[in-house]
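The structure under discussion appears below in the form of structure tokens.
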Amino acid sequence: MERIAWVTDSTGTLDEVLSMNQHVYVVPMVVIIGGMEYEDGVDILPEELYRRMREEKINATTSQPSVGRFHALYKQLEQDYDRIIAVHLSSELSGTVSASKQAGHLIKIPVDVFDTLLISFPMILILKRLMQYMDEGNSIEEAFRKTRLYADNHETYVVIGSLDQLHRSGRLTNTQYILGSLLSFKPIISVEKGLLQTKSKPRNLKKAQNQIFTDFRRSIETGKVTECTILYGAVLKEALKWKKRISVEFPQVITHISSLGSAIGVHTGEQTIGISWFNED
Numbered sequence: 652m653e654r655i656a657w658v659t660d661s662t663g664t665l666d667e668v669l670s671m672n673q674h675v676y677v678v679p680m681v682v683i684i685g686g687m688e689y690e691d692g693v694d695i696l697p698e699e700l701y702r703r704m705r706e707e708k709i710n711a712t713t714s715q716p717s718v719g720r721f722h723a724l725y726k727q728l729e730q731d732y733d734r735i736i737a738v739h740l741s742s743e744l745s746g747t748v749s750a751s752k753q754a755g756h757l758i759k760i761p762v763d764v765f766d767t768l769l770i771s772f773p774m775i776l777i778l779k780r781l782m783q784y785m786d787e788g789n790s791i792e793e794a795f796r797k798t799r800l801y802a803d804n805h806e807t808y809v810v811i812g813s814l815d816q817l818h819r820s821g822r823l824t825n826t827q828y829i830l831g832s833l834l835s836f837k838p839i840i841s842v843e844k845g846l847l848q849t850k851s852k853p854r855n856l857k858k859a860q861n862q863i864f865t866d867f868r869r870s871i872e873t874g875k876v877t878e879c880t881i882l883y884g885a886v887l888k889e890a891l892k893w894k895k896r897i898s899v900e901f902p903q904v905i906t907h908i909s910s911l912g913s914a915i916g917v918h919t920g921e922q923t924i925g926i927s928w929f930n931e932d
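Each residue of the sequence shown is one higher than the one before, counting from 652 in our numbering.
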């Protein structure tokens, strides 16, 4: 049996099972504040980032790990493994997939890179699904094919709690920011084909939440949803309320809760909250 090393990036927070798996490795994204670079999850944690965003009004940006960062890890891994399988956030949002692939060409063992076209914990669920298919004896090609089908049947909707950070990070035009601020929009952002799209612009958080739950209910009624993930910035209490609502309305659904992390929080802000799920059949 091939010895496989599994690699991902820090935009997804590992769950307890993966955290204890000695064959899973995380390459940190880079958060840039005032010209200083911090490795996500190593040099800076979400709590510290959000505090500085709130108190210091910092203008933070992000960058993907360098080819050199990946290469250093892959050179180390080729000593103990026969293959590396890397699972990363959407190539439409970051150059991480490209950097990982480039580093893979510089070592002797094969490196297979899966572009999830997703972000955050849903990316980790994709990693776990791919691991499952490989454990079941599928070839790498078949495992990738099945995982692609699974990944493409996802739905992710998040409410951007504040437009300030999106504006400061350059992801929102001045016109959109001014209009959104004046009208108190709580835009719902969806992830579609790897890109962030504005699904709608409810006037308040309650309306946005109800709209997301309406979409979630529709998926449960028309498809097979076995689990979902509540994604949040720094609003854990609100995330727990959402989880309780799901447990009451949809007790058959396994519900995960996951922080969006520093690298994503730079762009979305601490008040962001949403739900992601996969439509299985």
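Each residue gets a CB set at the ideal place from its N, CA and C atoms; glycine is no exception.
Q | Residues sharing a beta bridge with Gly925, DSSP | A | Checking the DSSP bridge columns, you'll see Gly925 partnered with Val809, Leu882.
#### Entry: Beta-carbon contacts of Glu695 that lie in its chain and below 6 Å, excluding the five residues immediately before and after
Reading off the sequence shown, one finds Ile at residue 695, where the question assumed Glu. Same-chain partners within the cutoff: Val682, Tyr689, Ser913.
| How many Å lie between Ala711 and Tyr784 at the Cα? | Ala711 and Tyr784 have their alpha carbons spaced roughly 38 Å apart.
Name the two residues that bound the continuous alpha helix (DSSP H) containing Thr747.
747-755
Practice problem: Scan the region 857-904 and note each continuous alpha helix (DSSP H) run of 4 residues or more that stays entirely inside, going in chain order. | Solution: 887-900
**Message:** Taking only three categories from DSSP, how would you classify Thr713?
**Reply:** strand
Problem set entry | Residues of its chain near Val693, where Cβ-Cβ distance is below 6 Å and the 5 sequence neighbours each way are ignored | Pro679
Q.
Here's a check: name, in chain order, each residue in its chain whose Cβ is nearer than 7 Å to the Cβ of Ile791, leaving out the five neighbours to either side.
A. Asp763
*On the three-state DSSP scale, how would you describe Thr798?*
Of the three classes helix, strand and coil, the one that applies to Thr798 here is helix, per DSSP.
Counted within 10 angstroms of its Cβ, other Cβ atoms place Ile840 as buried (16 or more) or exposed | By the 10 Å Cβ count, Ile840 comes out buried.
Next on the checklist: Which residue wins for smallest C-alpha separation from Leu757, given the options Glu787, Val718, Phe772?
Outcome noted: Val718
With a 10 Å radius around its C-beta and 16 neighbouring C-beta atoms as the bar for buried, classify Glu806 as buried or exposed. buried
In three-state terms, what does DSSP make of Lys852? coil
(message) Residues in the same chain with beta-carbon distance under 6 Å from Tyr701, minus the five sequence neighbours each way, listed in chain order, please.
(response) Ala885, Glu921
Closest by CA to Lys759, which one among Gln730, Asp932, Ser741, Gln715?
-> Gln730
*Hey, out of Ile926, Glu667, Ile777, whose CA is closest to Arg896's CA?*
Ile926
Name the DSSP bridge partner or partners of Arg734?
-> Beta-bridge pairing links Arg734 to Ile655.
**Prompt:** How is the alpha helix (DSSP H) around Glu958 delimited, first residue to last?
**Reply:** No answer is possible for residue 958: it lies beyond the span of the chain, which begins at 652 and ends at 932.
How far does the alpha helix (DSSP H) with Glu699 in it extend, from its first residue to its last?
Unbroken alpha helix (DSSP H) run through Glu699: 697-706.
In angstroms with no decimal places, state the Cα-to-Cα distance between Pro697 and Gly916. 7 Å
Margin query: With three or more beta-carbon pairs closer than 8 Å as the criterion, would you say the region 848-862 touches the region 738-747?
Written below: Below 8 Å, too few C-beta pairs join the region 848-862 and the region 738-747 to call them touching: fewer than three.
- Item | Local Cβ density within 10 Å of Asp803, reported as buried at 16 or more and exposed below that | Its Cβ having fewer than 16 others within 10 Å, Asp803 is exposed.
For this session: Could you please give the first and the last residue of the uninterrupted alpha helix (DSSP H) stretch that includes Asp786?
Result: 771-786
By how many angstroms is the C-alpha of Arg703 removed from the C-alpha of Thr873? 43 Å
(request) Take Glu889 and list the residues in its own chain whose beta-carbon comes closer than 6 Å to its own, dropping the five residues that flank it on each side. (result) Ile924
Which word fits Met687, buried or exposed, when buried means at least 16 other C-beta atoms lie within 10 angstroms of its C-beta? So Met687 counts as exposed.
* Asked: By DSSP, does Thr826 sit in helix, in strand, or in coil?
  -> Residue placement at Thr826 is poorly supported in this model, since its pLDDT is 48, which falls under 50; the coordinates are not used for a value here.
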